[in-house]
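Read through the structure below, which is laid out as structure tokens, and then see the notes.
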Ligand SMILES: [Fe+2]
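Numbering (my numbering), first residue to last: 2 to 269.
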């Protein structure tokens with residue numbers, strides 16, 4: 002059985018700063034402590050983008066120091082709040098895949114786990130570039146007959162909520178490539194700062210609440226309202242057996258205080 006952890010939306014800021022009133026560094030420390038204490042048997046941890054709030058060097062350097070405390074191998078990719086050149090300056094150019102993006106690949110326990118960088122500079126929407134799509138199709142082709150799990154920052158479809166305005170651009174070819182493989186069992190994302198699951202274009206997906214604020218959309222009225230809470234902090238714990246995958250959406254931090262009654266959808 003393969004077990005791994007997904008942590009998303011760290012939104013780390015320089016020392017002394019807060020993000021929307023939240024001490025995101027303290028919350029990352031809690032997440033790492035939780036993973037080290039309760040999931041030391043996990044094979045690895047994936048940090049799924051929005052590593053920083055503003056893509057600045059001091060925040061990436063702070064992240065590098067915090068990551069020294071996690072007691073398992075880890076992988077990083079980027080989200081809309083990140084900056085790829087600054088990230089590579091701090092973490093090293095070797096983390097860029099041949100696509101030029103922070104894509105990666107893990108083969109473990111019969112599974113192939115593919116990590117994709119969906120940062121599209123200058124926008125909050127996500128993108129899989131043509132180069133990434135070609136790389137992905139090759140990696141999926143190598144894994145014919147093996148189950149695949151994909152981890153990336155942006156959710157893979159619109160979800161009937163205001164954050165749809167910053168969803169992934171043109172997901173059709175990406176979803177078609179996943180569907181063509183025939184055994185993509187989960188696509189796990191952050192970005193929307195809410196817990197959800199579904200199927201898009203025949204591909205099952207899960208979103209996790211992440212390490213920053215959480216949105217709890219109220220879907221029942223004429224207007225979808227988006228109350229924003231300062232918690233919980235939520236990670237994904239993935240258990241993958243030969244015949245099934247379960248993504249546990251696990252809260253490691255339960256504070257649940259209303260910050261704004263109807264948050265706009267444009268800044269997750
Ligand atoms: Fe985010």
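Just so it is clear, CB atoms sit at the ideal spot from N, CA and C, and this is done for glycine as well. All values reported here derive from a predicted model rather than from experimental measurement.
Alpha-carbon to alpha-carbon, residue j and residue i
i: residue 166; j: residue 123; result: 15 Å
i: residue 31; j: residue 179; result: 34 Å
i: residue 66; j: residue 6; result: 20 Å
i: residue 195; j: residue 139; result: 32 Å
i: residue 114; j: residue 226; result: 35 Å
i: residue 258; j: residue 99; result: 43 Å
i: residue 93; j: residue 63; result: 15 Å
i: residue 238; j: residue 251; result: 7 Å
i: residue 263; j: residue 12; result: 21 Å
i: residue 182; j: residue 246; result: 17 Å
i: residue 60; j: residue 19; result: 12 Å
i: residue 240; j: residue 3; result: 6 Å
i: residue 142; j: residue 109; result: 17 Å
i: residue 82; j: residue 153; result: 14 Å
i: residue 53; j: residue 14; result: 6 Å
i: residue 104; j: residue 190; result: 14 Å
i: residue 26; j: residue 234; result: 12 Å
i: residue 71; j: residue 17; result: 22 Å
i: residue 131; j: residue 184; result: 22 Å
i: residue 228; j: residue 86; result: 34 Å
DSSP bridge partner residues for residue i (one or two, in chain order)
i: residue 249; result: 238
i: residue 105; result: 116
i: residue 6; result: 46 and 238
i: residue 219; result: 226
i: residue 197; result: 208
i: residue 151; result: 115 and 188
i: residue 53; result: 13
i: residue 132; result: Bridge partners of residue 132: none, in fact.
i: residue 77; result: 48
i: residue 259; result: 230
Cβ separation of residue i and residue j, assumed to be a contact under 8 Å, to the nearest whole Å
i: residue 206; j: residue 188; result: 4 Å
i: residue 111; j: residue 243; result: 6 Å
i: residue 9; j: residue 55; result: 17 Å between Cβ atoms; not a contact.
i: residue 118; j: residue 102; result: 4 Å
i: residue 49; j: residue 78; result: 6 Å
i: residue 175; j: residue 236; result: In fact, because the Cβ distance is near 25 Å, the residues do not count as touching under 8 Å.
i: residue 29; j: residue 214; result: At roughly 14 Å, the Cβ-Cβ gap does not stay under 8 Å, so residue 29 and residue 214 are not in contact.
i: residue 193; j: residue 160; result: 7 Å
i: residue 76; j: residue 33; result: Actually they do not touch by this definition, with Cβ atoms about 15 Å apart.
Near ligand 1: residue i beta-carbon under 7 Å from a heavy atom
i: residue 53; result: no
i: residue 231; result: no
i: residue 123; result: no
i: residue 155; result: no
i: residue 301; result: Look at the range of the chain in this structure, 2 to 269, and you will see that residue 301 is not part of it.
i: residue 126; result: no
i: residue 164; result: no
i: residue 194; result: yes
i: residue 82; result: yes
i: residue 269; result: yes
i: residue 191; result: yes
i: residue 213; result: yes
Residue i, buried or exposed, once every other Cβ within 10 Å from all chains shown has been counted against 16
i: residue 38; result: exposed
i: residue 156; result: buried
i: residue 127; result: buried
i: residue 41; result: exposed
i: residue 148; result: buried
i: residue 265; result: exposed
i: residue 69; result: exposed
i: residue 171; result: exposed
i: residue 96; result: buried
i: residue 120; result: buried
i: residue 219; result: exposed
i: residue 163; result: buried
i: residue 135; result: exposed
i: residue 256; result: exposed
i: residue 200; result: exposed
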